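Enquirer: Structure below; questions to follow.
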Amino acid sequence: MNFIEGLPKAAGFNVILVVVDQFSNCAHFLALKHLYNAKRVADLFVKEVVRLHGYPQSIVSERQELKERDIALGALKDHLIVAQEKMKYADLKRRHVEFQVGEIVFLKIRPYKQVSLRKRRNEKYLENSLAVPEEIFGYKKNDAEIFGYKKNDAGAWEVLISWKGLPGHEGT
9 MNFIEGLPKA AGFNVILVVV DQFSNCAHFL ALKHLYNAKR VADLFVKEVV RLHGYPQSIV
69 SERQELKERD IALGALKDHL IVAQEKMKYA DLKRRHVEFQ VGEIVFLKIR PYKQVSLRKR
129 RNEKYLENSL AVPEEIFGYK KNDAEIFGYK KNDAGAWEVL ISWKGLPGHE GT
């Protein structure tokens, strides 16, 4: 239901009451004079709309939507208060500490878990005290003897190799 006002007078009427049925999308346009009240609108509604369609099974009101909104806002407010209380409790266990430049402190940093502190993707696998050799080692060709072939569970072939100069249990 809606009112269209501010129209020029036609046969003494200058307001249109628009009633739309949501299910059939049927619209009723009813003429009203400007100084209308709730009784006149209700009488016109009964006279023109109810006589054709009967009384509605349920009347949709915005009040229900407003109630649902207020309930949701109340729940959000309660959750916000609970979160604020938890933050206040956590702050009670903390103390303000100032450090000087060059002072040694213990930090709770785990580079294998804290992704934001890593500079490279696989930095967690690197050892800081790893000594890099200065000389480049050459590739030595070892002779090998093939013992057999077999298929693994994934369907790929595996080769059993015994390397020259190594015991048999170290075959790959």
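Each residue of the sequence shown is one higher than the one before, counting from 9 in my numbering.
Cβ coordinates follow ideal geometry from the N, Cα and C atoms, glycine included.
All values derive from a computational prediction rather than experimental measurement.
(1) Can you tell me the Cα-Cα spacing of Val20 and Leu60, whole angstroms?
(2) Provide the residue(s) that pair with Leu100 in DSSP beta bridges, ordered along the chain.
(3) Could you tell me the boundaries of the beta strand (DSSP E) in which Ala35 lies?
(4) Is it buried or exposed, Phe57, if we count other Cβ atoms within 10 angstroms and call 16 or more buried?
(5) Mapping the DSSP letters down to three states, classify Ala19 as helix, strand or coil.
(6) Where Ala50 and Met9 are concerned, what is the direct C-alpha to C-alpha distance, given to the nearest angstrom?
(7) Identify whether Phe155 lies in helix, strand or coil by the three-state DSSP scheme.
Expert: Let's see:
(1) Note on identity: in this sequence residue 20 is Gly, with Val being the wrong assignment. Distance between the alpha carbons of Gly20 and Leu60: 25 Å.
(2) Leu100 is not bridged to any residue.
(3) Ala35 to Leu40
(4) The sequence shown places Val at residue 57, not Phe. Val57 comes out buried.
(5) coil
(6) 11 Å
(7) strand
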